[in-house]
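Below is one structure; the comments refer to it alone.
Chains as they are written, first to last, in the working numbering: chain H, 1 to 455; chain S, 1 to 332; chain B, 1 to 226.
See the structure below:
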């Protein structure tokens with residue numbers, strides 16, 4: 001199966017090697033400007049470039065926004081006794097791989113009897129390689145300075161830098177022409193373009209999946225598209241781990257990202273009633289995984305099964321009520337005016353509610369917990385329909401930034417807000433419905449919420 | 001049907017178990033303590049008004065799923081005594097709740113025995129006095145997990161100190177490596193403490209700061225009135241209240257400050273019985289005492305995943321466990 | 001498309017007071033897309049009405065039907081029997097739909113559930129803006145594709161009024177100055193000289209001001225001369 005590697009990066013060679021070893025056929029597109037179009041779904045993507053059109057099963061984006069080895073490329077040999085000054089984390093935090101590059105070059109210079117200063121704000125370690133480099137550098141005589149704030153003035157005529165490093169207690173003054181301070185890392189325009197072309201969700205700083213710890217290091221918002229951002233990798237072992245994980249994700253059958261292929265999940269999917277669909281593109285816009293695509297022949301939206309993570313956001317936003325989750329057996333509940341229905345997100349609420357089964361044993365007779373794929377599946381009309389049979393409805397959803405589907409939790413919270421407004425406007429008790437953002441690891445806070453609602 | 005043995009029922013072991021069992025492989029999960037879950041089971045959520053990326057919820061519902069999965073048989077209170085045979089047909093001797101027993105027919109073994117915290121490997125030295133007002137990072141996690149809407153601690157503290165790198169980074173007594181996770185979990189815990197106790201003094205005593213998240217993570221913490229004091233390793237003076245004695249570089253002399261609560265941010269240490277495990281499972285021990293493979297997993301039929309082989313964050317542990325399980329599946 | 005907004009709940013509830021058998025007729029086209037009167041909205045409204053009546057212990061039966069459109073009679077004919085038992089029909093269609101339903105189901109009371117607003121476009125999920133007023137004599141050729149009738153608050157035809165600030169209209173800082181848009185657009189297209197062509201005072205008879213309008217495509221009819 002073909003795998004597209006998009007972008008120019010120091011990891012491409014190793015990545016290609018590993019992919020080939022595992023039986024994939026890598027196709028490199030190093031110049032992102034060459035890409036003119038992109039469509040499809042996991043196992044069936046089409047990448048169009050100025051030269052050709054390639055069908056691939058997966059896509060790995062490796063474009064790096066900054067210079068690969070700034071310390072190797074830029075340091076100049078000093079004449080005389082001028083100190084060599086390496087500056088990291090200025091004006092903003094350096095990408096991870098700078099650390100190794102800087103340490104290696106600092107050691108080289110220190111061994112040649114140069115006086116070397118290494119100024120940084122943060123330390124970085126990952127695996128033993130960097131640990132050992134720090135030790136080696138210290139032994140070679142490199143002077144490490146951890147600063148809290150830094151001032152740099154440069155005389156453009158003489159090339160002399162005047163540096164003032166403050167560590168909160170003392171200020172250190174350094175003067176030298178041999179100063180290496182690489183450009184700071186910012187998400188490049190290339191990343192913006194690639195994110196738009198591939199219809200990937202971006203973080204606020206326009207980076208595509210950076211440090212979202214509940215998503216694994218290389219996943220993006222779309223199934224089958226991965227991102228190996230070497231800016232955050234310090235050690236070779238870390239890089240190997242990420243490549244190994246990406247390859248194992250690629251081989252994984254259902255390709256639902258984090259979803260286990262547990263029984264029941266197989267049956268879930270999205271179906272669209274073509275008769276009701278108004279072809280309004282709302283689900284297309286709202287889908288965080290870009291798993292909806294227009295079917296022009298039939299003038300309806302269709303769901304891309306391999307791209308879908310069955311979060312249900314499309315179900316809740318469809319104005320025509322045309323999108324549904326494939327039939328699940330309805331649970332026979334404890335419908336009663338004094339009963340509480342808890343709609344809980346599978347990634348947080350469900351586990352939290354489970355933990356309280358002992359704590360609230362008595363009350364659980366009057367509680368019906370119904371897991372939903374994501375808070376995003378819940379809409380005003382599902383809640384108001386439930387309120388006809390239950391006294392109260394509690395929606396449990398993930399914390400902001402923890403939602404696996406990016407904003408399903410926020411949609412749920414908005415819809416609950418709207419439901420409350422409608423209840424109030426029609427003279428009903430708006431406290432009959434509440435929304436709580438939580439994780440499974442704070443069950444007592446949930447207990448308090450439930451007790452509050454059940455009186 | 002293939003049968004895999006997983007030694008250690010923490011995040012790594014349970015993640016690997018689910019991945020294997022969901023693909024139709026039979027799994028036996030061996031756990032020496034009374035229940036599965038390892039350390040992470042006790043950890044608490046570190047969200048304030050938003051997720052703070054601590055990774056604990058990666059284990060949401062995992063223990064229940066493992067306990068309910070028909071393809072996974074769990075043996076708690078069971079210790080490994082011997083490993084015999086070879087890849088394709090391992091036999092193990094186990095001391096369990098019903099005495100000694102032999103389990104046979106395992107295609108491969110995954111060792112996911114995890115780590116020990118500093119407080120469990122040291123014993124009440126002056127560095128780690130056992131008394132009220134001084135708690136370990138692990139204990140703080142437990143308190144966070146048990147928090148309700150009202151509070152985290154029985155009484156609101158007016159001053160809290162975090163002692164970073166406790167038990168790490170000093171070759172004389174402690175570990176010569178960085179545990180990677182403490183800067184992360186303790187600063188995130190501090191955010192929650194700040195949310196619950198808005199007027200408390202919160203101070204971090206540190207030697208180095210590990211990069212936790214991109215951007216101005218530490219600046220944000222400082223704006224939240226969390227103080228960072230860089231100094232050599234501190235001494236803790238027990239008392240009521242306990243005091244922290246520290247020396248600021250270039251300041252000359254030692255300063256003492258009293259705190260209602262002192263949190264010892266402790267790291268990841270090799271498990272106490274790693275030597276024994278290494279011998280039993282034909283693994284090696286690296287320079288810091290963690291397990292390491294001798295032959296690669298595919299040849300030996302013995303795999304390693306999780307913190308048994310070194311400090312890792314929760315998401316890295318899960319990624320490694322998944323990758324290892326899938327590697328195994330590829331061969332079956 | 002036609003963009004509308006649902007009437008406030010209080011207003012709808014009040015107009016339905018005293019009726020027991022209510023049929024809500026959603027509409028599956030324009031008002032679905034602008035989320036004012038589609039099936040989802042109708043179902044939501046039905047639930048809230050039922051909850052409200054249950055609270056007051058007043059009986060009610062609410063049914064929701066969704067013809068694809070309310071402006072072509074066949075869609076209504078197809079489900080005529082759904083309206084048989086209704087004491088009142090709440091139409092969530094646009095003004096055209098409400099009136100057409102009233103015509104088709106003479107003898108039944110047909111009430112409006114939405115306020116029809118304008119002809120407009122979707123900017124993002126949940127946001128629609130006005131683009132066209134249906135003046136009947138389009139002059140977009142002269143203004144670079146931006147309509148001075150609909151997008152200038154004063155419908156000025158020959159340049160801005162001078163009250164705009166930073167490209168925003170003086171009546172509302174969130175409203176773009178139509179003439180700023182026109183100028184910017186013509187500049188982009190290198191057709192600013194169009195602005196020197198004076199637009200004569202508009203003959204408003206082509207618009208609603210000339211009375212209710214109708215359009216005939218003569219070649220589709222068999223009974224008139226072309």
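For each residue, glycine too, the CB sits at the ideal point set by N, CA and C.
Because the structure is a prediction, the values reported are computed rather than measured.
- Annotation: the stretch 44-98 of chain B contains the following complete segments of the beta strand (DSSP E) (minimum length 3 residues), in chain order: 61-65, 88-91.
- Exclusion of the five residues before and after residue 375/H leaves 345, 397, 408, 409, 412 as the residues of its chain whose Cβ lies within less than 6 Å of its Cβ.
- The Cβ atoms of residue 395/H and residue 428/H lie no closer than 7 Å to each other.
- Nearest neighbour of residue 8/B by Cα position, chosen from 430/H, 147/H, 451/H, 418/H, turns out to be 418/H.
- Inclusion of residue 124/B and residue 60/B in the CB contact set at 7 Å is not warranted, their separation being larger than that value.
- Between the alpha carbons of residue 34/S and residue 423/H lies a distance of about 49 Å.
- For residue 91/S, the enclosing beta strand (DSSP E) starts and ends at 89-96.
- When only Cα atoms are considered, residue 182/S and residue 114/B end up about 57 Å apart.
- Using a Cβ-Cβ cut-off of 7 Å, residue 224/S does not count as an interface residue toward chain H, since no Cβ of chain H sits closer than that to its own.
- Listed by position along chain H, the residues whose Cβ is nearer than 7 Å to that of residue 209/S are 122, 123.
- Neighbours of residue 35/B in chain H, taken as residues whose beta carbon is under 7 Å from its own, are 319 in chain order.
- Across the structure, residue 367/H and residue 67/S are spaced so that their CA atoms are roughly 23 Å apart.
- In the structure shown, residue 316/H adopts helical secondary structure according to DSSP, grouped into three states.
- Within the stretch 385-407 of chain H, the residues whose Cβ lies closer than 8 Å to any Cβ of chain B are, in chain order, 385, 387, 388.
- Along the stretch 275-303 of chain H, going in chain order, the ones with a CB nearer than 7 Å to a CB of chain B are 276, 278, 280, 282, 285, 286.
- Contact between the stretch 172-184 of chain B and the stretch 138-157 of chain B is present: three or more C-beta pairs spanning the two stretches fall below 8 Å.
- Residue 165/H is outside the set of residues whose beta carbon lies under 7 Å from a beta carbon in chain B.
- For residue 63/H, the CB contacts under 8 Å within the same chain, skipping 5 residues up- and downstream, are 6, 7, 8, 9, 32, 188, 190, 191, 194 in chain order.
- In this chain, residue 47/H is not harboured by any alpha helix (DSSP H); it is covered by the beta strand (DSSP E) spanning 44-49.
- Closest in C-alpha terms to residue 61/H, from the list 311/H, 220/H, 298/H, 430/H, comes 220/H.
- Within 10 angstroms of the beta-carbon of residue 198/B lie fewer than 16 other beta-carbons, which makes it exposed.
- Here residue 218/H has 226, 227, 228, 242, 245, 246 as same chain residues with Cβ atoms under 7 Å from its own Cβ, once five neighbours each way along the sequence are excluded.
- Bridge partners of residue 146/H according to DSSP: 120/H.
- 304/S is the residue among 261/S, 297/S, 304/S, 256/S whose C-alpha sits nearest the C-alpha of residue 274/S.
- No Cβ of chain H is located within less than 7 Å of the beta carbon of residue 161/S.
- Here residue 90/B is buried: its Cβ has 16 or more other Cβ atoms, across all protein chains shown, within 10 Å.
- For residue 108/S, the enclosing beta strand (DSSP E) stretches over residues 108-111.
- With a cutoff of 7 Å on beta-carbon distance, residue 218/S and residue 231/S are scored as not near each other.
- Cβ atoms of residue 193/S and residue 160/S come within 8 Å of each other, at about 6 Å.
- Distance from the Cα of residue 153/S is smallest, within the candidate group 164/S, 166/S, 139/S, for 139/S.
- Between residue 439/H and residue 11/S, the beta carbon gap of about 15 Å keeps them out of contact (Cβ cut-off 8 Å).
- Taking all protein chains shown into account, residue 186/B has 16 or more neighbouring C-beta atoms within 10 Å of its C-beta and is therefore buried.
- For the C-beta of residue 426/H, the chain B residues within less than 9 Å are, from N- to C-terminus, 9, 10, 13, 48, 49, 51, 52, 55.
- According to the DSSP assignment, residue 118/B belongs to the beta strand (DSSP E) that extends over 114-124.
- Of the residues 252/S, 253/S, 258/S, 254/S, the one whose Cα lies closest to the Cα of residue 243/S is 258/S.
- In the displayed model, residue 200/H falls within coil according to three-state DSSP, outside both helix and strand.
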